[in-house]
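Protein chains: 2
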Amino acid sequence: MSSKQSGMSRDDEGSSGAPPAGKTRVRDRIFDTACELFYRRGIHGVGVDAIAAEAGSNKMSFYRSFASKDALVTEYLREQEREYWVWWDSAVARHPGEPRRQIEALFEAQLEFANTKTCRGCALGNAAVEITDEEDALSNLVRDYKERVRRRLHELAGALEVRDPEGLGDALMLLMDGGYFTRLVFPGASGPIAAALPAARALIDAYLQASSR
Amino acid sequence: MSSKQSGMSRDDEGSSGAPPAGKTRVRDRIFDTACELFYRRGIHGVGVDAIAAEAGSNKMSFYRSFASKDALVTEYLREQEREYWVWWDSAVARHPGEPRRQIEALFEAQLEFANTKTCRGCALGNAAVEITDEEDALSNLVRDYKERVRRRLHELAGALEVRDPEGLGDALMLLMDGGYFTRLVFPGASGPIAAALPAARALIDAYLQASSR
DNA sequence: GGTGTACGTTACCGACCGGTAACGCCGCTG
DNA sequence: CAGCGGCGTTACCGGTCGGTAACGTACACC
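Sequence lines, in order, name chains S and Y.
Numbering-wise, numbering that gives the first Met the number 0 puts 200 at position 201 of the first sequence, and it's gapless, one number per residue.
Numbering-wise, numbering that gives the first Met the number 0 puts 34 at position 35 of the second sequence, and it's gapless, one number per residue.
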């Protein structure tokens with residue numbers, strides 16, 4: 000989640016004849032910069048001029064690569080979701096066939112991420128706050144993402160064979176999203192997010208007991 | 000939480016001589032309108048021109064009542080917190096001396112609020128997404144609010160005499176904030192927020208058992 | 001050497017942003 | 001009646017927004 004590059008490089012590439020596979024295309028620089036700025040300062044908080052400048056380019060070059068700011072934002076959200084699932088899958092893949100450990104791994108990974116300096120919660124979730132027009136195409140993008148997250152948690156809860164997998168999955172989603180939401184205000188792991196993993200464990204136990212009761 | 004008035008009234012007040020205690024001061028109209036628009040469309044998504052116009056006034060009159068947009072936003076956030084604690088206290092007051100029922104009443108009231116058409120989650124929490132400058136005075140306002148919420152939940156959990164009141168309180172805060180956050184995307188009570196109350200109950204039971212174990 | 005393409009630069013557009021100056025009107029109060 | 005405060009109106013300021021037109025240039029490839 001979120002990008003790392005911070006731009007400002009002065010086109011250092013012209014030494015030898017054939018750089019391995021590096022095409023420092025302006026489009027890529029602009030897109031990476033945009034991802035970082037959107038995440039850090041919000042979608043409405045960054046203009047295309049600022050993005051292009053921060054990428055060492057200018058507005059005209061921006062519009063040669065992107066049809067509009069809206070198109071860029073769309074691509075940004077799609078990229079964030081892509082990275083999010085990579086992150087999710089890598090956590091889950093550590094414990095194949097063990098849904099309980101997979102869930103725990105997700106909350107462990109979330110806490111790790113929260114401890115990052117650049118962490119500013121969930122990019123897609125934050126976008127849901129900024130995009131107030133529910134008819135907007137971006138709204139649907141975010142909605143679809145959240146529904147996919149919910150479904151995955153339902154599936155994980157279902158693999159635990161509890162009586163109420165939807166209830167447990169939803170509860171886990173509240174813990175996760177609550178973690179992202181509160182992280183915006185409480186730095187590092189100093190906030191309630193530190194309680195997410197033990198709470199998730201307790202909830203799993205509770206819902207398991209409710210099944211065998 | 001959130002305002003109810005929708006503006007557009009054409010100054011209907013001049014019939015009888017003495018309206019009970021009504022001073023339809025422009026300032027109040029503007030402020031009410033601002034609260035509603037900020038909550039619905041976001042702080043950055045509404046300009047002072049739009050606010051004044053929607054209140055049936057104009058920008059100049061706005062600046063006669065408010066020093067700046069920032070001052071208005073500050074007042075908006077303070078008002079939202081005020082209304083929030085009124086809401087909180089009225090839920091808690093229904094079960095004096097019964098912390099468990101108080102907590103349940105809070106989640107019941109949250110679900111009721113979520114079922115409202117105008118609900119767009121937590122005003123202060125949403126503001127935390129929009130205000131990205133952590134040095135900003137508004138940031139501190141939101142931070143203080145969230146810390147007060149956290150403390151109150153710690154106290155409620157403490158009244159339950161569990162071994163780990165901070166852990167339980169934080170977990171409850173994750174459920175609440177997760178509810179507000181997901182509500183932005185899932186309309187009414189169709190989202191994970193419906194699982195908040197049963198999850199809170201299960202968590203309370205789990206943390207109570209962990210104390211007597 | 002010619003050509004195409006990727007990119008930078010400058011200038012501009014209409015719209016809106018937060019904020020201000022100056023003026024005029026209306027109604028309440030002394 | 002005079003005066004004054006509350007308020008609406010118009011015009012304006014510098015800045016930024018998303019987006020475009022026209023031009024210049026460096027380089028790669030045939």
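Ideal Cβ placement from N, Cα and C applies to all residues, glycine included.
- Query: Which residue comes first and which comes last in the alpha helix (DSSP H) that contains residue 99 of chain S?
  - Reply: From DSSP, the alpha helix (DSSP H) with residue 99 of chain S extends over 98-113.
- Query: For residue 172 of chain S, which residues of its own chain have a beta-carbon under 6 Å away from its beta-carbon, when the five flanking residues on both sides are left out?
  - Reply: Correct list, in chain order: 149, 152.
- DSSP on residue 61 of chain Y, reduced to helix/strand/coil? Of the three classes helix, strand and coil, the one that applies to residue 61 of chain Y here is helix, per DSSP.
- Message: Can you pull the chain S neighbours of residue 41 of chain Y, defined as C-beta to C-beta under 8 Å?
- Response: 43, 128, 129, 131, listed in chain order.
- Query: Should residue 211 of chain Y go down as buried or exposed, given a rule of 16 or more other Cβ atoms within 10 Å for buried?
  - Reply: Flag for residue 211 of chain Y reads exposed.
- Between which two residues does the alpha helix (DSSP H) harbouring residue 37 of chain S extend? Note, residue 37 of chain S: alpha helix (DSSP H), 25-40.
- Task: Count the other C-beta atoms from every protein chain shown that fall within 10 angstroms of the C-beta of residue 162 of chain S, then say buried if there are 16 or more, exposed otherwise.
- Result: Burial call: exposed.
- Task: Determine the DSSP secondary structure at residue 210 of chain S, reduced to helix, strand or coil.
- Result: Three-state result, residue 210 of chain S: helix.
- Query: Should the stretch 47-54 of chain Y be regarded as contacting the stretch 82-94 of chain Y, the criterion being three or more beta carbon pairs within less than 8 Å?
  - Reply: Not touching, per the Cβ criterion.
- What does residue 125 of chain S touch in chain Y if you count any residue whose Cβ is under 8 Å from its own? The contact set of residue 125 of chain S on chain Y, defined by CB atoms closer than 8 Å, consists of 128 in chain order.
- Give the DSSP-derived three-state secondary structure of residue 161 of chain S in the structure shown. Secondary structure of residue 161 of chain S (DSSP, three-state): coil.
- Does DSSP classify residue 130 of chain S as helix, strand or coil? Here residue 130 of chain S sits in coil by DSSP.
- Is residue 183 of chain S near residue 125 of chain S, with beta carbons less than 9 Å apart? In contact: residue 183 of chain S and residue 125 of chain S (Cβ atoms closer than 9 Å).
- Distance, Cα to Cα, residue 79 of chain Y vs residue 71 of chain Y? Our two residues, residue 79 of chain Y and residue 71 of chain Y, have alpha carbons roughly 12 Å apart in a direct line.
- Task: Select from S:65, S:131, S:107 the residue whose C-alpha is nearest the C-alpha of residue 118 of chain Y.
- Result: Comparing Cα-Cα distances from residue 118 of chain Y to each of S:65, S:131, S:107, the minimum goes to S:131.
- Message: If I measure Cβ to Cβ from residue 285 of chain Y and keep anything under 7 Å in the same chain, skipping five residues before and after, which residues do I get?
- Response: Nothing can be reported for residue 285 of chain Y, as the shown portion of chain Y is limited to 0 through 212.
- Roughly how many angstroms separate the alpha carbons of residue 64 of chain Y and residue 141 of chain Y, rounded to a whole number? Distance between the alpha carbons of residue 64 of chain Y and residue 141 of chain Y: 24 Å.
- Where the stretch 135-166 of chain S meets chain Y: residues whose CB sits under 7 Å from a CB there: Within the stretch 135-166 of chain S, the qualifying residues are 141, 142, 145, 149, 166.
- Task: Determine the contact status of residue 159 of chain Y and residue 206 of chain Y, defining contact as a CB-CB distance below 9 Å.
- Result: In this structure, residue 206 of chain Y lies closer than 9 Å to residue 159 of chain Y by Cβ.
- Identify whether residue 180 of chain S lies in helix, strand or coil by the three-state DSSP scheme. In this structure, DSSP gives residue 180 of chain S a helical state, which the three-state scheme calls helix.
- Item | Option in S:82, S:102, S:66 with minimal Cα separation from residue 196 of chain S | Residue S:102 holds the alpha-carbon nearest to the alpha-carbon of residue 196 of chain S among S:82, S:102, S:66.
- Query: Mind pulling the chain S residues with CB within less than 7 Å of residue 184 of chain Y?
  - Reply: Within chain S, the residues near residue 184 of chain Y are 127, 141, 142, 145.
- Task: Run down chain S in chain order and give the residues with a C-beta less than 9 Å from the C-beta of residue 193 of chain Y.
- Result: Those within 9 Å of residue 193 of chain Y in chain S are 166, 169.
- Task: Taking residue 168 of chain Y and residue 180 of chain S to be in contact with their CB atoms under 8 Å, please state how far apart those CB atoms are, rounded to whole angstroms.
- Result: The pair is not a contact, with the Cβ atoms about 16 Å apart (cut-off 8 Å).
- For residue 204 of chain S, return the contacting residues in chain Y, with the cut-off set at a CB-CB distance below 7 Å. Under the 7 Å cutoff, chain Y gives 205.
- Item | Alpha-carbon to alpha-carbon, residue 59 of chain S and residue 67 of chain S | Rounded to whole angstroms, residue 67 of chain S and residue 59 of chain S show a C-alpha spacing of 11 Å.
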